[in-house]
Every structure is written in C-alpha cells, then in structure tokens.
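So for the sequence shown, my numbering puts the first residue at 475; every next one is plus one.
All remarks here apply to the structure that follows.
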Amino acid sequence: VQLQASGGGLVQAGGSLRLSCAVSRSILQINMYEWYRQAPGSQRELVARLTSGGSTNYPDSVKDRFTISRDNAENIVYLQMNSLKPEDTGVYYCKVVDKRRLAYWGKGTQVTVSS
Numbered sequence: 475v476q477l478q479a480s481g482g483g484l485v486q487a488g489g490s491l492r493l494s495c496a497v498s499r500s501i502l503q504i505n506m507y508e509w510y511r512q513a514p515g516s517q518r519e520l521v522a523r524l525t526s527g528g529s530t531n532y533p534d535s536v537k538d539r540f541t542i543s544r545d546n547a548e549n550i551v552y553l554q555m556n557s558l559k560p561e562d563t564g565v566y567y568c569k570v571v572d573k574r575r576l577a578y579w580g581k582g583t584q585v586t587v588s589s
C-alpha cells in the first residue's frame, strides 16, 4: 500500500487547511485511517482516527477543530483543520491499517501556522 499526503503549507493562526492522503489500495480493504503530526523535538502524536465503521477519535487538543473523513470512490482520506493554532505546526503523516492489521505510513506534509 502506498500513501501520498498533500495539502500542507503556511497559514496564519485562525486559518484552515485540508490535508489529503491518496491510498493506493481500495479503501474497502482498510480497517483504520489515522493522521499523526510531529513537531520539532517532539514525538509523533495521533491527531485523528477513523475506523472502517465510521467511528472517529480526536485528542482534546484538536477536538472540534479537526475532522477526518474519506472519499470511498477516490480512495482518499482527508483531514480538515480549522481554527489553526501555532502549536498545530508540524509534519503531518497519514497511516492506514489494512484488514490483515498491517500498518502503512505515508511521507509527511509540512504544516506551519504563524502567529
């Protein structure tokens, strides 16, 4: 499975970005989709999770601001990020876990939020 993340960039605080992750395998073969971020000097942290059943999870730090979704027809997973804060700055990675419970990571996309 290959993942290609895109959509990062520079945005002012309060702005929005939508990240996309194109998945090379049919989304129907995927059990779980996740977005992580890694700030400089910090560990990679989970920011959004979407199960194949449609359940979503977010940490308190992004809840009500970030939304994960998928386009089944295009095999794309999105992360809509609103009301961005400088502390949201980091490299964002998409990850999927397939039906065999194998995990795949995409290359990151940089998000920079200026104050």
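Glycine residues also receive a C-beta, built at the ideal position from the N, C-alpha and C atoms.
Keep in mind that this is a model prediction, so the values were computed, not measured.
What span of residues does the beta strand (DSSP E) with residue i cover, start to end?
i, result
"Gln-476", "Where Gln-476 is concerned, there is no enclosing beta strand (DSSP E), given that its DSSP letter is neither H nor E."
"Ser-588", "583–588"
"Tyr-532", "It is not in any beta strand (DSSP E) - Tyr-532 carries neither H nor E in the DSSP assignment."
Rounded to whole angstroms, what is the Cα-Cα separation between residue i and residue j?
i, j, result
"Val-475", "Ile-550", "13 angstroms"
"Tyr-590", "Val-497", "The chain is shown from 475 up to 589; residue 590 falls before or after that span and cannot be answered."
"Thr-530", "Leu-553", "12 angstroms"
"Arg-575", "Gln-503", "10 angstroms"
"Lys-559", "Asn-505", "30 angstroms"
"Gly-527", "Cys-495", "19 angstroms"
"Thr-541", "Gly-489", "14 angstroms"
"Leu-520", "Arg-499", "22 angstroms"
"Leu-441", "Ala-513", "This structure leaves residue 441 out entirely; the chain is present only between 475 and 589."
Using beta-carbon positions only, say whether residue i and residue j come within less than 7 angstroms of one another.
i, j, result
"Ala-487", "Val-587", "yes"
"Gly-482", "Thr-583", "yes"
"Ile-501", "Arg-539", "no"
"Tyr-567", "Val-585", "no"
"Leu-491", "Met-555", "yes"
"Tyr-507", "Leu-524", "yes"
Label residue i either buried or exposed according to how many other C-beta atoms from any shown protein chain fall within 10 Å of its C-beta, with 16 as the threshold for buried.
i, result
"Arg-511", "buried"
"Gly-580", "buried"
"Gly-564", "buried"
"Asp-562", "buried"
"Lys-537", "exposed"
"Lys-569", "buried"
"Ala-479", "buried"
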